[in-house]
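Just so you know, the protein sequences line up as chains A and B, in that order. Heads up: the first sequence is residues 3 to 264, going by the working numbering. Heads up: the second sequence is residues 3 to 264, going by the working numbering.
There are 2 protein chains.
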Amino acid sequence: MPTDTANTGAGPEIVTAAFIIIGDEILSGRTKDANLGFIADELVEAGIRLKEVRVISDDEDEIVDTVRALSAKYDYVFTSGGIGPTHDDITCDSVAKAFDRGVSHHPEAVKRMRAHAGDVGVDLNEARMRMARTPDGAELILNPVSAAPGFIVENVHVMAGVPRIFQAMVKELLPTLKGGDKIHSIAVSSNLGEGRVATGLGEIQARYPAIAIGSYPYFRAGNYGTTLVLRGTEMAVLEAAAEEVRQLIRDQGGDASDVEDN
Amino acid sequence: MPTDTANTGAGPEIVTAAFIIIGDEILSGRTKDANLGFIADELVEAGIRLKEVRVISDDEDEIVDTVRALSAKYDYVFTSGGIGPTHDDITCDSVAKAFDRGVSHHPEAVKRMRAHAGDVGVDLNEARMRMARTPDGAELILNPVSAAPGFIVENVHVMAGVPRIFQAMVKELLPTLKGGDKIHSIAVSSNLGEGRVATGLGEIQARYPAIAIGSYPYFRAGNYGTTLVLRGTEMAVLEAAAEEVRQLIRDQGGDASDVEDN
């Protein structure tokens, strides 16, 4: 059972998620990950809180253990990578093993791949047909780019690693998932170093336990400063805390300006 | 004890690592991670195998549990983030707790920060001096950018999250660490889809168990194809396997060309 979803009384409804990136090529530095930033943004919009990300190798035991652990801990798990036609694509079999399920060709996946192969004139050999396999009982995730689908087993959503396909699958999938209360944010930029606002900021944080205040120093174009980001589900409380932060910056002799938080 | 370092007989010497990115701002998508790709590349050069990456929130229990788990599993652990002066910077205290150590101002860190503050005319208030705190008995990692150092406790190496400082710390740190046998790689690009080479590639992989063969489809500039990356510690075996891959591509009617693997 997810541990972080006990919603007591009138508190915000919290829906949590983890993201597993499966791929030796990310760990070796050969491929630079482009999927984390994308899904992180999309989950915020969907009202789902991304709590943890793991990058693991194409290793059956690692995949099985990680899927089991995170499936039990969070409401949703998303994965990317390892669902192609080659010998190193072991995500499908490993996820099936994590849930003690068999693997077989999914009739609807076979149909979609045949239709796509006919359209683009590709020979559907045995290796390609491996991409129509899913754990038994899986639901499919539409792949509008190249047909070979992703799939869902329990709360685990398995998607491709190629960013163009991953992004298309996420866009198909997220509207079908239940989100919680959306987290709003206000970002206040200042021309002060973090050290100047640190003490006052700690005091404001203590007065607003429902708001998470993050402090992010920046150095750019020869200037330095700090952006303070406040997050919370209740807009009125968020705005009150933000106004205290703006006042703190002015009290310290700085300039405060709200910035787009993205 | 690390589990993945039992070097038996004449096999390659394997040194493993994990990387922990600590920061709500990465999970919320606000900040796009720039440190994973950098350290992945640097570790390959240093002969250290990055086996796992986790992105976790600024939460004491999460940091303590993750540091303990990965410190026990791998030879080295590297962390980024959460060592600034503000209330949300809890990495130092959390790492100390993971190893049941106290926290105090490190005399050499205080000295370096005083010298730097004098140079740049910054007031060293209490909040800034928090950055001179380390777990008891820690060694320092030089910060050539802004003085506030990283630190080492047992096999855990704690560094800043700001990419410019993180990168400088990694460059200072890695030459001091013991690497294992370096992994060499050969990347062969082809104009064939993954499905065309998948079966033959599986057969080559079975004949060369000491070589890891990865298959990475690409779509770019209107063309598609597959890059096959072979990795191993012994150059002669690697080259023999690569020649089989080139021949497989030619047998399938494709063009094979070696590409720079980075």
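Every residue gets a Cβ at the ideal spot worked out from N, C-alpha and C, and that includes glycine.
- When Cβ-Cβ separations below 8 Å define contact, L72 of chain A makes no contact with chain B.
- In the three-state scheme derived from DSSP, where H, G and I count as helix and E and B as strand, D26 of chain A is classed as helix.
- Secondary structure note for V66 of chain B: its alpha helix (DSSP H) is the uninterrupted segment E62 to K75.
- Residues of chain A with a Cβ closer than 7 Å to the Cβ of G227 of chain B do not exist, since the nearest Cβ in that chain sits about 13 Å away.
- The shortest CA-to-CA distance from I23 of chain A to any of A:R166, A:A170, A:V160 and A:Q207 is the one to A:V160.
- In this model, D77 of chain A and A238 of chain A are separated by some 28 Å (Cα to Cα).
- At a cut-off of 4 residues, the continuous stretches assigned as alpha helix (DSSP H) that sit fully inside the region 159-201 of chain A are 165-175.
- Your pair P219 of chain B and V122 of chain A does not check out as a contact, with CB atoms roughly 14 Å apart and the cut at 8 Å.
- In this structure, the beta-carbon distance from V158 of chain B to S73 of chain B falls below 8 Å.
- When only Cα atoms are considered, E110 of chain B and S82 of chain B end up about 21 Å apart.
- Neighbourhood of Q207 of chain A in chain B, by CB distance below 7 Å: H89, in chain order.
- In the DSSP assignment, S259 of chain A falls outside any alpha helix (DSSP H) and within the unbroken beta strand (DSSP E) covering A258 to V261.
- Taken in chain order, the complete beta strand (DSSP E) segments of 3 residues or longer contained in the region 222-256 of chain B are 225-234.
- Looking at the DSSP output, V79 of chain B bridges to B:A20 and B:V158.
- Using a CB distance below 7 Å, the part of the region 45-58 of chain A facing chain B consists of V46, L52, K53, E54, V55, R56, V57 and I58, ordered along the chain.
- The residues G49, in chain order, have a CB closer than 6 Å to that of K184 of chain A in the same chain once the five nearest residues on each side in sequence are set aside.
- Look at F168 of chain A: its C-beta is not under 8 Å from any C-beta on chain B.
- A distance below 7 Å between beta-carbons, with the five flanking residues on each side excluded, links L176 of chain B to the following residues of its chain, in chain order: E44 and A48.
- Within the region 212-223 of chain B, A214, I215, G216, S217, Y218, P219, Y220 and F221 place their CB atoms closer than 9 Å to a CB of chain A, listed in sequence order.
- In this structure, A:D90 is the residue among A:G39, A:V69 and A:D90 with its C-alpha nearest to the C-alpha of D60 of chain A.
- Residues of the region 168-194 of chain B with a Cβ closer than 9 Å to any Cβ of chain A, in chain order: I185, S187 and A189.
- Under DSSP, V55 of chain A forms a beta bridge with A:F21 and B:V57.
- Every alpha helix (DSSP H) of 4 residues or more that sits fully in the region 91-164 of chain A is shown, in chain order, as 93-100, 109-122 and 128-131.
- For S106 of chain B, the closest of B:H118, B:T68, B:G139 and B:I92 by C-alpha to C-alpha distance is B:G139.
- Contact between V46 of chain A and S30 of chain B holds, since their C-beta atoms are separated by about 6 Å, short of 8 Å.
- With a cutoff of 8 Å on beta-carbon distance, P137 of chain B and F101 of chain B are scored as near each other.
- In the DSSP annotation of this structure, E15 of chain A is not part of any alpha helix (DSSP H), being labelled neither H nor E.
- Within its own chain, the residues whose Cβ lies closer than 6 Å to the Cβ of R103 of chain B, once the five positions on either side in sequence are excluded, are P137 and D138, listed in chain order.
- Straight through space, the alpha carbons of T228 of chain A and Q254 of chain A are spaced by roughly 13 Å.
- Chain-ordered, the chain A residues with CB closer than 7 Å to the CB of A129 of chain B read G197, A200 and T201.
- Bridge partners of A42 of chain B according to DSSP: none are assigned.
- Chain-ordered listing is empty here: chain B has no CB closer than 7 Å to the CB of E15 of chain A, the nearest sitting near 18 Å.
- By the rule that beta-carbons nearer than 8 Å mark a contact, S30 of chain A touches chain B.
- Around the Cβ of R135 of chain A, a 10 Å sphere holds 16 or more other Cβ atoms; the residue is buried.
- For a Cβ distance threshold of 8 Å, residue set I28, L29, S30 and G31 of chain B lies close to A42 of chain A, ordered along the chain.
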